[in-house]
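Sequence lines, in order, name chains A and B. Numbered by this note's numbering, the letters in the first sequence go through residues 536 to 879 in order. Numbered by this note's numbering, the letters in the second sequence go through residues 536 to 879 in order.
Number of protein chains: 2
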Amino acid sequence: MTHSVSTQIQLTARPVGWPTASDFTTVKVDLAPLSPGQIRVANEFVSVDPYMRGRMSAAKSYSEPFALGETMTGGAIGRVVESASETIPVGSVVLHQFGWRDVVQEDAAGFRIVPELPGVPLSLYLGILGMTGMTGYVGLTEIANMKAGDTVFISGAAGAVGTAAGQIARLLGAGRVIGSAGSDEKVALLTEKYGYDAAFNYKSGPVRELLAAAAPEGIDVFFDNVGGDHLEAALDVFNPGGRAALCGAIAGYNTTERKAGPDNMVNMITRGLKLRGFTLGSHLNLAAEFNEHMTGWFTDGKIAYDETIVDGIDNAVDALLEMMRGANTGKMVVRTALPVVANG
Amino acid sequence: MTHSVSTQIQLTARPVGWPTASDFTTVKVDLAPLSPGQIRVANEFVSVDPYMRGRMSAAKSYSEPFALGETMTGGAIGRVVESASETIPVGSVVLHQFGWRDVVQEDAAGFRIVPELPGVPLSLYLGILGMTGMTGYVGLTEIANMKAGDTVFISGAAGAVGTAAGQIARLLGAGRVIGSAGSDEKVALLTEKYGYDAAFNYKSGPVRELLAAAAPEGIDVFFDNVGGDHLEAALDVFNPGGRAALCGAIAGYNTTERKAGPDNMVNMITRGLKLRGFTLGSHLNLAAEFNEHMTGWFTDGKIAYDETIVDGIDNAVDALLEMMRGANTGKMVVRTALPVVANG
């Protein structure tokens, strides 16, 4: 019996403001022999995502809060090392939501087999080929109703969802794509690697002024990963009929006091604007549509990506904190076991 | 030749903050004999509406700003006193957008004949049977996508659009209708005359607390005429999937400094909310649908209304200012000439 001990990260206190290591506990769990129908999976990558911060709080939300004293859930991908299932054999690569642990053992129904493609790191199924990429796709299409020719502004554009959204906007025919990011290095990456027409470092001045300069003819679509001053700046420059997909508000996730919102909400009326918040879980019906588009684009070599990889499940908390501080470019993942290629 | 002098109100300075009488000038214009195709109309009622404040500023908007030194435009209704038109005879009742004047003379193409129904004051075509009622209808249906059973919250509910919207929500099957208004008298009217299930005086405490108490099971739809703290309060109590139609933000129309927006915009993401601003001009395609519904409801005696009538075109500026201060219940109109019945 291999992989009989699972190292798992549990949330043991609800953070106030920034989470700290003391809000989490690492446990080692001895796994029982498989029951009929179960599989045991050695995870290769575990996803850390901004939305997880929200689930650490007890507030009303679409997703349930993480339970205290239970292992953190979330996307992960690994390989089946033992199977008592008729549907998922040993050696399969499977995607699941059991999250922050190096070994997981559950009924096979909780896993989905994904194809193992030559030269494609499995971590991409947590990123551009998975929920992250789909978040960009759904936000632009279903939520913001992007049309060919639109000027699209994406905040936090060098992050996991942002790098996906920018490329998808271009592939769907956006007229002009503008991005913001938190460092000059990331800004350079946006225009040089990801095909943005314009980009700015949101730490270099008031976002209101930076965006107005980058979008002299206004914007039609705003894909927001940041919130706060970015939304206010977008409301200033929206063209009539503009639409925003509010995906993340990472700027406010770890503040203990609520910050004031945009001072120009009245523009929504005079310009006939739509703002719509979303989480991917309500739009999983679009998975097949996304997969068809993204598989085509990826196979055709039209998708660039970056990943920021942190080694060791014990470092998952640090990875999450660094991601929320903006240390990552592209998707942040935790590598638990097998080595993989990490560039695109 | 009758009615050969027209008294007109012109905007002659762009107000900063609250408009004052000195921003307007009253002029008397001698009318030339009719040219072929023209008609001369003695207005009976001229509409004063919150959106007019926005058009007094020079800012980017769907509607053009009012031109300085030209007569204020807007809805009005009157009777044809002279006609050189083959399509609109003397005696017809006509609706038009030539606005703040007691006599208007223009090509017949700028007017629309409306039916004169026994016992129906012509002023209602500026209110519940006209643009005001249609604004309530469009906001609830097209913009907020109201469904039967929804809990609907309407701010500024005793105003012209609010009294229309509340009744339309009920007639379209709302489960519970909640309103806010600016005095105890108006609040009483909402529950006693307009069929609201609950109402509160927004000057009696923090709107956030008042709305939470009035909507213990949350709200699904918010029809906003006020803006500011009302939107923030709504974002607190929205159920997942909630939708807002942002119609007016009268709280901020006459402030010279921009006020901070809602501190809880992040709820839009976690609860999957939609906010959409609108002005009626972009949705005139729904006029036939609205007229069919409203005519049926009105004929069946299902529509109550109030009007606040100010006499004399010379008092139109005062009427507008009083309306923005909340002195009206229901639609505010200026009566220029003939006496009418004013209750419903």
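C-beta atoms are modelled at their ideal positions from N, C-alpha and C, and glycine is treated no differently.
- Scanning its chain for C-beta atoms nearer than 7 Å, with the 5 sequence neighbours on each side dropped, one finds around B:VAL772 the residues LEU746, ALA747, ALA750, GLY753, ILE754, in chain order.
- Put simply, the CB of B:ALA822 is far from chain A, with every gap to its CB atoms at 7 Å or more.
- Contact between the stretch 621–637 of chain A and the stretch 806–821 of chain A is not established, with fewer than three Cβ pairs separated by less than 8 Å.
- The beta-carbon of A:ASP685 is placed no less than 7 Å from the nearest beta-carbon of chain B.
- Apart from sequence neighbours up to five positions away, the residues of its chain that approach A:GLY710 with a beta-carbon distance below 7 Å are GLY684, ASP685, THR686, ordered along the chain.
- Apart from the 5 residues on each side of it in sequence, B:SER620 sits with its Cβ closer than 6 Å to the Cβ of GLY572, ILE574, ALA643 in its chain, given in chain order.
- DSSP, read as helix, strand or coil, puts B:HIS828 in helix.
- No Cβ-Cβ contact shorter than 7 Å links A:MET587 with A:LEU546.
- Going by C-alpha positions, A:PRO554 is about 14 Å away from A:ALA593.
- For A:GLY783, the chain B residues whose C-beta falls within less than 8 Å of its own C-beta are ILE804, listed in chain order.
- Using a Cβ-Cβ cut-off of 7 Å, B:PRO797 is close to GLY796 of chain A, given in chain order.
- The residue from B:VAL756, B:PRO797, B:SER627, B:VAL629 with its alpha-carbon nearest to that of B:GLU677 is B:VAL756.
- No Cβ of chain B is located within less than 7 Å of the beta carbon of A:VAL649.
- Secondary structure of A:PHE833 (DSSP, three-state): helix.
- B:ASP584 counts as buried, since no fewer than 16 other beta carbons sit within 10 angstroms of its beta carbon.
- The alpha-carbon of B:LEU810 is positioned some 24 Å away from that of A:GLY701.
- Contact check for B:PRO600 against B:ARG614 fails: the beta carbons are separated by 7 Å or more.
- Listed in chain order, the alpha helix (DSSP H) elements of length 4 or more contained wholly in the stretch 633–680 of chain B are 666–673.
- Residues of chain A whose Cβ lies closer than 9 Å to the Cβ of B:GLY694 do not exist; the shortest such Cβ separation is about 15 Å.
- Taken through DSSP and simplified to helix, strand or coil, B:MET867 comes out as strand.
- For A:ALA733 and A:THR560, the gap between their C-alpha atoms comes out near 43 Å.
- Residues SER690, GLY691, GLY694, VAL696, GLY697, CYS782, GLY783, ILE785 of the same chain have their beta carbon placed closer than 7 Å to that of B:ASN760, with the five preceding and five following residues left out of the count.
- According to the DSSP assignment, B:GLY777 belongs to the beta strand (DSSP E) that extends over 773–781.
- The Cβ of A:MET800 sits closer than 7 Å to at least one Cβ of chain B.
- Of the candidates B:TYR729, B:PRO550, B:GLY671, B:GLY796, B:GLY671 places its Cα closest to the Cα of B:LEU821.
- Against chain B, a Cβ distance below 8 Å from A:LEU766 picks out MET800.
- Counting the other Cβ atoms within 10 Å of the Cβ of B:GLY796 gives 16 or more, which makes it buried.
- What B:SER817 touches in chain A, judged by beta-carbon distance under 7 Å, is GLY807, going in chain order.
- The criterion of a C-beta distance shorter than 7 Å is not satisfied by A:TYR731 and A:GLY717.
- The Cβ atoms of A:VAL801 and A:ALA768 lie no closer than 7 Å to each other.
- Rounded to whole angstroms, the gap between the alpha carbons of B:ASN578 and B:LEU569 is 17 Å.
- Cβ neighbours of B:LEU657 within its own chain (closer than 7 Å, five residues either side excluded): GLU579, PHE580, ILE612, VAL628, VAL875.
- Contact annotation for B:THR606 against chain A: no contact, minimum CB-CB distance about 23 Å [criterion: below 8 Å].
- Close partners of A:PHE813 in chain B (Cβ separation under 8 Å): ILE804, GLY807.
- Apart from the 5 residues on each side of it in sequence, B:VAL625 sits with its Cβ closer than 8 Å to the Cβ of VAL615, VAL616, GLU617, SER618 in its chain, given in chain order.
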